[in-house]
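So the structure is just underneath, and the comments pick up after that.
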Amino acid sequence: MRVLVTGHNGYIGSVLVPALRVAGHDVLGLDTFFFEDCTIGPNWDHTPALRKDLRDVEASDLSDFDAVIHLAALSHDPLGDIAAERTDDINHQGAVQLARSARDAGVGRFFLASSSSVYGRGGEDPLTEDAPVRPTTPYGVSKARAEEDIARLCDRDFSPSFLRTATVYGVSARLRADTLLNNLVCWAHTTGRIQIKGDPLAWRAMVHVQDVAAAFVAALGAPREVLHGQALNVGVNGENYQLSELAEIVGQAVPGCSIEQAADSESDPRNCRLDFSKLSRGFPDFKPHWNAVFGAKDLYAALQEAAVSLEDLQGRKYVRLAQMKYLLAAELVDEQLRWAPTAIAGTCG
Numbered sequence: 006m007r008v009l010v011t012g013h014n015g016y017i018g019s020v021l022v023p024a025l026r027v028a029g030h031d032v033l034g035l036d037t038f039f040f041e042d043c044t045i046g047p048n049w050d051h052t053p054a055l056r057k058d059l060r061d062v063e064a065s066d067l068s069d070f071d072a073v074i075h076l077a078a079l080s081h082d083p084l085g086d087i088a089a090e091r092t093d094d095i096n097h098q099g100a101v102q103l104a105r106s107a108r109d110a111g112v113g114r115f116f117l118a119s120s121s122s123v124y125g126r127g128g129e130d131p132l133t134e135d136a137p138v139r140p141t142t143p144y145g146v147s148k149a150r151a152e153e154d155i156a157r158l159c160d161r162d163f164s165p166s167f168l169r170t171a172t173v174y175g176v177s178a179r180l181r182a183d184t185l186l187n188n189l190v191c192w193a194h195t196t197g198r199i200q201i202k203g204d205p206l207a208w209r210a211m212v213h214v215q216d217v218a219a220a221f222v223a224a225l226g227a228p229r230e231v232l233h234g235q236a237l238n239v240g241v242n243g244e245n246y247q248l249s250e251l252a253e254i255v256g257q258a259v260p261g262c263s264i265e266q267a268a269d270s271e272s273d274p275r276n277c278r279l280d281f282s283k284l285s286r287g288f289p290d291f292k293p294h295w296n297a298v299f300g301a302k303d304l305y306a307a308l309q310e311a312a313v314s315l316e317d318l319q320g321r322k323y324v325r326l327a328q329m330k331y332l333l334a335a336e337l338v339d340e341q342l343r344w345a346p347t348a349i350a351g352t353c354g
């Protein structure tokens, strides 16, 4: 299939694009390239791509594609909080406009990278895709609204699907240190401390970035009717962890660390377990290979090899919020979160 991947230059996209190629697909990327040089190791990506804001995409940009995988977004709750209006503008309105353009261009399949954040505070029982959607953050609200509005575009020729990823972790060429397990490992590596932020007994569903890529590849290859207009939790049963368990896992991966409760432990109220039976049951070609134990050890090895320092983590190379704040303060990006006319993509060094 000929596939357009928005946000291909990001954390998940940098893993997904090679996986799509291995599966035999022809891939074109589309990205603003806000994080182009925010890499761990060499900047290897040479994917043919459109340097374009997704809000400016027209049907003519999408001709001759069989599918669109839409990853591009303000990527998580803290980044979404800096500008709630822009979060809705990009993650919700921009996604709907992209889907409408895809439908007008005759694209048959559309996959929205959604999030378990749409569930909000889920409680103790594992949530299936039929659970109520109760987002509590601008990021979660934007994803829930995008799902709802894009679903209205379903017809005989246009088939959207919504892949709700659990909390993603693991090594990517464009590493993020601001997701839960990655953050714990990064700070353990650089400071010798593991800080639990939130209720130690709170639950979080986890999924490795390579397994996320494998799930998208499996969904792309599945018959249309399997996911037409539907949501899908993306993760692995058995990969729901309490925060205290994740801290212990990181302590085993990074020797000699102490575990402590962060002073602002009430700042993260999330508590959610997910059920991934629909994915495992409906997609026999999906073969997950990772769990948090192996993922933490693998990430620690990558941090050692790249000699990632505390100074790196306190900068903007691996933290999306810090990079966006820099681009705004330097007036490289305007208040609409668009490149300024004279700006060239800034580095993250």
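Numbered per the numbering used here, the sequence shown spans residues 6 to 354.
The C-beta atom is built at its ideal place from N, Cα and C for all residues, glycine as well.
Residue i burial status per 10 Å Cβ neighbour count (16 or more: buried)
i, result
"A345", "exposed"
"D135", "exposed"
"K322", "buried"
"E63", "exposed"
"G29", "exposed"
"W208", "buried"
"P289", "exposed"
"H194", "buried"
"T133", "exposed"
"H51", "exposed"
"Q328", "buried"
"W49", "exposed"
"P140", "buried"
"V298", "exposed"
"A252", "buried"
"T44", "buried"
"A219", "buried"
"G99", "buried"
"S65", "exposed"
"I26", "In the sequence on display, residue 26 carries Arg and not Ile. Exposed, since its Cβ has fewer than 16 Cβ neighbours within 10 Å."
"D69", "exposed"
"A268", "exposed"
"S263", "exposed"
"R108", "buried"
Beta strand (DSSP E) segment containing residue i, residue limits
i, result
"R56", "A54 to R56"
"R114", "R114 to S120"
"T11", "R7 to T11"
"Y174", "T172 to Y174"
"D31", "D31 to D36"
Unbroken alpha helix (DSSP H) run spanning residue i, endpoints
i, result
"S106", "A100 to D109"
"P143", "P143 to A156"
"A268", "Run containing A268: none; DSSP gives neither H nor E here."
"S249", "L248 to A258"
"V27", "G18 to V27"
"L318", "L315 to L318"
"L332", "R325 to A334"
"L67", "Where L67 is concerned, there is no enclosing alpha helix (DSSP H), given that its DSSP letter is neither H nor E."
"L284", "S282 to G287"
"K302", "A297 to A311"
"T133", "Taken as a continuous stretch (DSSP letters only), T133 belongs to no alpha helix (DSSP H), as it is neither H nor E."
"E90", "A89 to T92"
Whole-angstrom C-beta distance between residue j and residue i, which should lie under 8 Å
i, j, result
"L237", "K283", "6 Å"
"S147", "N187", "About 22 Å separates the two Cβ atoms, so there is no contact after all."
"L158", "R105", "6 Å"
"L185", "A118", "At roughly 18 Å, the Cβ-Cβ gap does not stay under 8 Å, so L185 and A118 are not in contact."
"R181", "R91", "With 8 Å as the limit, R181 and R91 do not qualify as a contact, their Cβ atoms being about 19 Å apart."
"T142", "S121", "That pair is no contact at about 12 Å."
"G15", "F40", "6 Å"
"F281", "V241", "6 Å"
"T261", "G197", "It is Gly, not Thr, that sits at residue 261 in the sequence shown. Their Cβ separation, rounded to whole angstroms, is 6 Å, which keeps G261 and G197 in contact under 8 Å."
"V239", "R169", "6 Å"
"L225", "A54", "Not quite, the Cβ-Cβ distance comes to about 19 Å (not below 8 Å), so this is no contact."
beta-carbon residue i near the ligand GDP non-hydrogen atom, thresh 8 Å
i, result
"N276", "The model depicted lacks the ligand GDP and carries no ligand whatsoever."
At which residue ranges does the region 191-236 contain complete beta strand (DSSP E) runs of 3 or more residues, listed in the order of the chain?
Fully enclosed beta strand (DSSP E) runs of 3 or longer: 198-201 and 208-213.
Quick test of the definition: if touching needs 3 or more C-beta pairs under 8 Å, does the region 55-73 touch the region 7-20?
Counting Cβ pairs under 8 Å, three or more are found: they touch.
Report yes or no: do the region 276-286 and the region 236-250 share at least 3 C-beta pairs separated by less than 8 Å?
Short answer: they touch.
Taking 8 Å as the cut-off, does the region 212-220 touch the region 166-179 (at least 3 CB pairs, one atom from each stretch)?
Taking a cut-off of 8 Å for Cβ pairs, the region 166-179 and the region 212-220 touch, as three or more such pairs fall below it.
Counting pairs of beta carbons, one from the region 18-38 and one from the region 302-321, are three or more of them closer than 8 Å?
Output reads no: the region 302-321 does not touch the region 18-38.
Cβ pair count under 8 Å reaching 3, the region 252-259 against the region 165-174:
Counting Cβ pairs under 8 Å, fewer than three are found: no touch.
Any contact of the region 149-164 with the region 197-206, i.e. 3+ C-beta pairs under 8 Å?
No, the region 149-164 is not in contact with the region 197-206.
The region 99-119 / the region 158-167 touching (three or more Cβ pairs under 8 Å):
These segments touch.
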